[in-house]
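As numbered in our numbering, residues 801 to 1053 make up the sequence shown, in order.
To start, the structure under review is shown below, and the notes come after it.
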Amino acid sequence: MNSNRKTVIAGNWKMNKTPKEAEALLREVLPAADGAACEVVVCVPYVDLPVACNVAGGSNVKVGAQNVHFKPSGAYTGEISAAMLQELGVSYVVVGHSERREYFAETDATVALKIAATLDAGITPILCVGESLAEREQGIMAERIRTQIKIDLAGVAAADMGKVVIAYEPIWAIGTGKTATSEQAQEVCKLIRDTLCELFGADAAQGVSILYGGSMNAKNAAELLAQPDIDGGLIGGASLKAEDFGKIIAAAN
Ligand code: 13P
């Protein structure tokens, strides 16, 4: 972590929790987040957004969605626009999560469009990038990450980079219990920052919060968060237990 940048602890609830269950979990999370020095975010399923925005209103917990469509409106059955999220009071959107890239054919080109739509609506995108195990073993991790960063952020002006959060999520560490070592995570987060520096200049790159995601938990959070280029976490499984999520928030404070 670096005191010049915002530390962000974001839970990605994925496809878990009905609206009633979401309300109950969020009511447990609020006290853990009370007085936190970091930004605390819960990214919940679409149908949980109204109750989450309601319950989190007036607290220091921000609400995020897990996806968005890039068009403002139209004949896109089943999709949700950035303006719809904005009206609910959503502050963040996860864009380009590896599960969406893998299971829902999301490409770097559509991710770039979603980043633009999100920024236009005044919502902060949490752009996810990461390599597969095969790519790491083939020695093309750096190329993969740099390509994602370059294409996904192609339409963003340097002046807007302060409104973008990036999450490095190695696919092999997601939901596997297999965390990247703090050295591996730092190496890639630094690679991301170096790439941002090439694209947008040093000042913009230094201001971007880069999170680590992939089996972050109450035990390993402090060590990961101590790395100079890791400014927070995007947490799946452990964000569904208020006690564990609270410990990760405490580790970030
Ligand atoms: P886990 O923390 O369950 O590995 O999930 C990480 C993730 O994909 C967050 O977006």
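The C-beta atom is built at its ideal place from N, Cα and C for all residues, glycine as well.
A quick note: this is a predicted structure, and the numbers were derived from the prediction, not measured.
Between the CA atoms of V965 and D1029 - distance to the nearest angstrom: So the two alpha carbons sit approximately 13 Å from each other.
Proximity test, L1034 beta-carbon vs the ligand 13P heavy atom, cut-off 8 Å: Inclusion of L1034 in the 8 Å shell around the ligand 13P follows from its C-beta lying nearer than that to a non-hydrogen atom of the ligand.
Proximal residues to A1004 (C-beta, below 6 Å), its chain only, five neighbours per side dropped: If the five residues before and after A1004 are omitted, its C-beta is found closer than 6 Å to the C-beta atoms of A958, M961, all from its own chain and listed in chain order.
Cβ neighbours of D920 in the same chain (closer than 8 Å, five flanking residues each side left out): If we look at D920 and ignore the five residues flanking it on each side, its Cβ neighbours are A882.
3-residue-minimum beta strand (DSSP E) runs that sit fully inside the segment 948 to 1036, ordered along the chain: Those beta strand (DSSP E) runs which fall completely within the segment 948 to 1036 and span 3+ residues are 965 to 968, 1010 to 1013, 1032 to 1035.
P925 in three-state terms, based on DSSP: Here P925 sits in strand by DSSP.
Check: H869 C-beta below 8 Å from any heavy atom of the ligand 13P: Result no, Cβ not under 8 Å from the ligand 13P.
Among T995, A1051, I949, G930, nearest to M941 - alpha-carbon criterion: Sorting T995, A1051, I949, G930 by C-alpha distance to the C-alpha of M941 places G930 at the top.
heavy atom of the ligand 13P below 8 Å from N812 C-beta: At least one heavy atom of the ligand 13P is found less than 8 Å from the C-beta of N812.
Rounded separation between I992 and N802 - CA only: Taking the Cα positions, I992 is about 15 Å away from N802.
Contacting residues, own chain, Cβ-Cβ under 6 Å from G955 (five flanking each side not counted): Same-chain partners within the cutoff: A912, A916.
Where Y892 falls, given that 16 or more other Cβ within 10 Å makes a residue buried: Counting every other CB atom within 10 Å of its CB across the protein chains shown gives Y892 a total of 16 or more, marking it as buried.
E839 - partner residues in DSSP beta bridges: According to DSSP, E839 bridges with V808.
Residue nearest to N1053 in terms of C-alpha spacing, selected from G1032, K814, G1036, L1040: Of G1032, K814, G1036, L1040, the residue nearest in Cα terms is G1032.
Closest by C-alpha distance to E821, when choosing among V840, P831, P845: That would be P845, whose Cα lies nearest to the Cα of E821.
Nearest-angstrom Cα separation, counted from C843 out to I792: Any answer about residue 792 is impossible in this case: the structure gives the chain only from 801 up to 1053.
Where G1046 sits in the DSSP three-state scheme: In this structure, DSSP gives G1046 a helical state, which the three-state scheme calls helix.
beta-carbon E899 near the ligand 13P non-hydrogen atom, thresh 8 Å: Closer than 8 Å to some heavy atom of the ligand 13P: that describes the Cβ of E899.
Any non-hydrogen atom of the ligand 13P closer than 8 Å to E1062 Cβ: A query on residue 1062 cannot be resolved here, the shown segment of the chain reaching from 801 to 1053 and no further.
V893 Cβ short of 8 Å to the ligand 13P heavy atom set: Distances from the CB of V893 to the heavy atoms of the ligand 13P are all 8 Å or more.
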